[in-house]
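S.K.:
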Amino acid sequence: MANSNKPFGFRWVGSITGPMEGKITKCYTAHATAIFKGDLVKLSGSIGRVNADDHGYPVVETCATTTHIPLGVVIGFQYLPGSLAPPFYHKASVAQYLFVCTDPGAIYEVQGDSTVWAEEDVGENTLITYTSGSTATGESKWVLTSPATTNTHDVNILGISPDPNMTTGAYMKFLVRLNYHQYRASAVTGV
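Reading the sequence shown from the start, the letters are residues 221 to 411 in this note's numbering.
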């Protein structure tokens, strides 16, 4: 059976550096582009706060192009002031706090694009494709594309998703780590 094309961005599933605790950073954004759970974000070089008396937090914005060095992946959002329901994505230009997995050794599950993927792609690096996420589900739509051995690609494929309903081919899911990261000095070459 063929895989469904249902991208969800980067889903944090573990870390190659040990336990997952303590690897989440509270950040601020009022970015003019919507940000979704599973999106890559980068630092914008300042601090921000929702309320004047709040502690200042690092300001992030979407990593919409692969020329940006990511800080990490958005894993959730804080309640907006006066709201009774938690937001499930960042609406453009709204000041709010979000939570980012900033572990440079984090492992993520990500779907591939329509490329005919194979088990032999494990160990290679891939580019990533940005598409705005879903306002209905709050999920990202980033996907993997263009597997190769070059160290200039964005992520390193560590393995295949344990999803029992997945087959090799288009829209296959992989376990990856970011090949470039704000807290890591260099990328690795794929095999």
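Glycine residues also receive a C-beta, built at the ideal position from the N, C-alpha and C atoms.
Can you tell me whether DSSP reads E344 as helix, strand or coil?
M.R.: Sequence index remark: in the sequence shown, residue 344 carries index 124 (1-based). Coil at E344, not helix or strand.
S.K.: Within 10 angstroms of its Cβ, does I377 collect 16 or more other Cβ (buried), or is it exposed?
M.R.: Numbered from its first residue, the sequence shown carries residue 377 at position 157. Buried, since its Cβ has 16 or more Cβ neighbours within 10 Å.
S.K.: Following the continuous beta strand (DSSP E) through E281, name the residue where it begins and the one where it ends.
M.R.: For this step, residue 281 is matched to residue 61 along the sequence shown. Element bounds for E281: 277-282.
S.K.: Going by the CB atoms, is the gap between V342 and V375 shorter than 7 Å?
M.R.: To locate residue 375, count along the sequence shown from 1; it is residue 155. To locate residue 342, count along the sequence shown from 1; it is residue 122. Cβ atoms of V375 and V342: not closer than 7 Å.
S.K.: To the nearest whole angstrom, what separates the beta carbons of T369 and N345, a pair I think is in contact under 8 Å?
M.R.: Locating residue 369 in the sequence shown gives position 149, counting from the first residue. Locating residue 345 in the sequence shown gives position 125, counting from the first residue. Yes, they are in contact, since the Cβ atoms of T369 and N345 sit about 7 Å apart, within 8 Å.
S.K.: Which residue spans inside the stretch 302-335 form an unbroken beta strand (DSSP E) run of at least 3?
M.R.: 316-321, 326-331
S.K.: May I ask you to report which of helix, strand or coil DSSP gives V411?
M.R.: As a first step, residue 411 is located in the sequence shown; it is residue number 191 there, counting from the start. The predicted model places V411 with a pLDDT of 41, which falls under 50 and marks its position as unreliable, so this point remains unresolved.
S.K.: Counting only runs of 3+ residues fully inside the stretch 239-267, write out the beta strand (DSSP E) ranges in chain order.
M.R.: Complete beta strand (DSSP E) runs here, min 3: 244-249.
S.K.: Inspect the CB distances between the stretch 301-319 and the stretch 248-256 and report whether three or more fall short of 8 Å.
M.R.: Between the stretch 301-319 and the stretch 248-256 there are three or more inter-stretch CB-CB distances shorter than 8 Å, so the stretches are counted as touching.
S.K.: Could you name the residues that DSSP lists as bridge partners for E359?
M.R.: Position 139 of the sequence shown, counted from the first residue, corresponds to residue 359. In DSSP, E359 forms a bridge with K257.
S.K.: Using a Cβ-Cβ cutoff of less than 8 Å, which residues in the same chain neighbour V411 once the five nearest sequence positions on both sides are dropped?
M.R.: Here residue 411 refers to the residue found at position 191 of the sequence shown. Low confidence applies to V411: its pLDDT is 41, below 50, so where it sits in the model is not reliable enough to give any reading.
S.K.: Kindly identify the DSSP beta-bridge partner or partners of A368.
M.R.: Mapped onto the sequence shown, residue 368 falls at position 148. According to DSSP, which records beta bridges pairwise, A368 is partnered with N345.
S.K.: Throw me the rounded Cβ distance for the S381 and E329 pair, which I believe falls under 8 Å.
M.R.: The residue you call residue 381 lines up with position 161 of the sequence shown. The residue you call residue 329 lines up with position 109 of the sequence shown. Contact holds; Cβ gap of about 5 Å.
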